[in-house]
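Read the sequence shown against my numbering and you will find it ends at 324, with the numbers running on by one and no gaps.
One structure below.
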Amino acid sequence: MAFWDDEDAPNPTDDSPAPSDRRQSVRTGSAHRTRKRVLLAVTVAAVVVGGGFLFRPGFGPDHAEPPSGSSGDSIPVGYQQAPATLVVYEDYDCAACRKFAERFDPTLRQLVAENRLVIQYHPVTTDGRKTSAQAANAAACAQDAGKFTAFREVLVAAGKQDPDAKQDLRSLADRVSELRSAAFDRCVDDGTHAGWVSRESGTFAKQFHTDAPVAVLNGDRIEIDGDGAATKLWKTVEDLALKDPGFHPPVSTPSHPRASTGPAATASGSAHAAPSASAASSASAASSASAASSPSRARTAEASGRTAAASGARESSHASDD
């Protein structure tokens with residue numbers, strides 16, 4: 003007695019599997035697809051948890067959001083019409099980059115203050131480390147608040163980031179006046195500019211095939227190692243300034259980088275413009291006021307001298323009378 007209908011009866015000339023085999027094959031395929039979906043979900047979840055914001059919107063190069071006041075691919079610091087432009091690629095979780103900053107920052111600070119140099123900073127990660135990428139993103143977040151230069155100095159001084167980089171970066175922001183805010187914390191936590199960092203890091207890797215730091219002056223890569231490297235840069239920028247007929251340095255700035263003790267120029271806002279006319283006129287007015295008051299002070303001193311002389315004469319007269 004057969005246990006299947008006529009339409010399911012096996013055909014001796016048909017090589018297709020029996021109904022029971024077909025049903026077993028369907029069940030096996032379905033189970034296999036289910037296992038693949040579960041494995042994929044577990045893998046994605048593990049990478050997201052382990053990589054922080056690696057798969058969040060805004061990280062990939064296709065979703066690169068540059069920081070406010072940037073030029074699109076860099077963060078400019080200094081007068082935009084300066085005769086010399088220095089492009090700097092640096093990693094804020096990098097010992098060599100810290101040495102670069104220690105060697106060059108005093109010179110760069112002075113050249114920027116004299117409007118001889120504009121610096122285009124590219125925060126990058128050169129080996130894909132999570133802490134490095136998060137530090138570069140935080141630097142871009144500081145640029146949003148107009149505090150890039152000050153926060154960069156804090157990052158460089160801090161050196162290697164802790165494994166819990168985000169918490170460490172938020173704490174470092176407390177060292178910069180008026181930087182720490184809910185907006186800054188959100189930018190750090192969400193990796194708002196992580197896609198921009200990823201894109202710039204990829205461009206850096208393709209162009210230079212080396213680790214950061216790298217510095218390029220007016221299109222030519224410069225030597226950054228050695229005690230004389232900063233002095234050589236200074237002289238090169240000086241020559242470029244002398245060859246620029248339209249360049250007029252501020253008269254109040256010192257002529258040597260070692261004489262500079264003030265803070266570095268800030269990025270965004272005032273960093274994009276020459277020294278303001280209002281500041282110059284205020285200084286001029288103060289100088290004029292001081293000059294105008296000098297004769298008055300002189301007359302007062304002269305009158306006081308005459309009074310003292312007269313008083314002395316009277317005392318002398320009284321003494322001789324006695």
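We treat Cβ as the ideally placed atom computed from N, Cα and C, and that holds for glycine.
Note that the structure is a prediction, hence the values are computed from the model and not measured.
8 angstroms contact criterion, which Thr238 and Leu219 should meet: CB distance rounded: Numbered from 1 along the sequence shown, position 236 holds the residue referred to as residue 238. Numbered from 1 along the sequence shown, position 217 holds the residue referred to as residue 219. Between Leu219 and Thr238 the Cβ distance is about 6 angstroms, and since that is below 8 angstroms, they are a contact.
Distance, Pro247 Cα to Gln136 Cα: Sequence index remark: in the sequence shown, residue 136 carries index 134 (1-based). Sequence index remark: in the sequence shown, residue 247 carries index 245 (1-based). Distance between the alpha carbons of Gln136 and Pro247 is about 43 angstroms.
Exposure label - His195; buried when at least 16 CB within 10 Å: Position 193 of the sequence shown, counted from the start, is the residue given in the question as residue 195. Answer is buried; the Cβ neighbour count reaches 16.
Nearest-angstrom Cα separation, counted from Asp75 out to Pro68: Taking the sequence shown and counting its residues from 1, one reaches residue 68 at position 66. Taking the sequence shown and counting its residues from 1, one reaches residue 75 at position 73. One C-alpha to the other measures close to 7 angstroms.
Rounded Cβ spacing between Pro215 and Val90 (contact assumed at less than 8 angstroms): Locating residue 215 in the sequence shown gives position 213, counting from the first residue. Locating residue 90 in the sequence shown gives position 88, counting from the first residue. Right, the Cβ-Cβ distance comes to about 7 angstroms (below 8 angstroms), so this counts as a contact.
Where Gln122 sits in the DSSP three-state scheme: Here residue 122 refers to the residue found at position 120 when the sequence shown is read from its first residue. Secondary structure of Gln122 (DSSP, three-state): strand.
Start and end residues, beta strand (DSSP E) containing Pro78: By one-based count along the sequence shown, residue 78 stands at place 76. Here the beta strand (DSSP E) through Pro78 covers Ile77 to Val79.
Boundaries of the alpha helix (DSSP H) in which Glu225 is found, first to last residue: The residue labelled residue 225 in the question sits at position 223 within the sequence shown. Here Glu225 belongs to no alpha helix (DSSP H), and DSSP marks it neither H nor E.
Per-residue burial, Lys168 [other beta carbons within 10 Å of its own, 16 or more giving buried]: Start at 1 with the first residue of the sequence shown, and residue 168 comes out as number 166. Per the 10 Å Cβ criterion, buried.
For Phe210 and Leu88, the rounded distance between their alpha carbons: For the purposes of this step, residue 88 is taken as the residue at position 86 of the sequence shown. For the purposes of this step, residue 210 is taken as the residue at position 208 of the sequence shown. Roughly 16 angstroms separates the two Cα atoms.
Beta-ladder partner(s) of Thr87, from DSSP: As a working note, residue 87 is residue 85 in the sequence shown. According to DSSP, Thr87 bridges with Val120.
Beta-carbon separation (whole angstroms), Val158 vs Ala103, contact threshold 8 angstroms: Numbered from 1 along the sequence shown, position 156 holds the residue referred to as residue 158. Numbered from 1 along the sequence shown, position 101 holds the residue referred to as residue 103. Sure, about 4 angstroms apart at Cβ, within 8 angstroms.
Which residues DSSP lists as bridging Glu92, in chain order: Mapped onto the sequence shown, residue 92 falls at position 90. Bridge partners of Glu92 according to DSSP: Pro125.
Residue interval of the alpha helix (DSSP H) (run including Gly193): Within the sequence shown, the letter at position 191 stands for residue 193. That residue, Gly193, is in no alpha helix (DSSP H); it is neither H nor E in DSSP.
Residue nearest to Cys143 in terms of C-alpha spacing, selected from Asp222, Arg223 and Arg172: Taking the first residue of the sequence shown as position 1, residue 143 is located at position 141. Ranking the options by Cα distance to Cys143, first place goes to Arg172.
Cβ neighbour criterion (16 or more within 10 Å) applied to Arg301: Sequence index remark: in the sequence shown, residue 301 carries index 299 (1-based). Its pLDDT being 42, under 50, Arg301 is placed unreliably in this model, and the value from its coordinates should be taken loosely. That one is exposed.
Boundaries (first-last residue) of the alpha helix (DSSP H) holding Glu155: Locating residue 155 in the sequence shown gives position 153, where the first residue counts as 1. Start and end: Phe150 to Ala160.
Length of the line joining the Cα atoms of Ala138 and Ser179: Locating residue 138 in the sequence shown gives position 136, counting from the first residue. Locating residue 179 in the sequence shown gives position 177, counting from the first residue. The straight-line gap from Cα to Cα measures roughly 19 angstroms.
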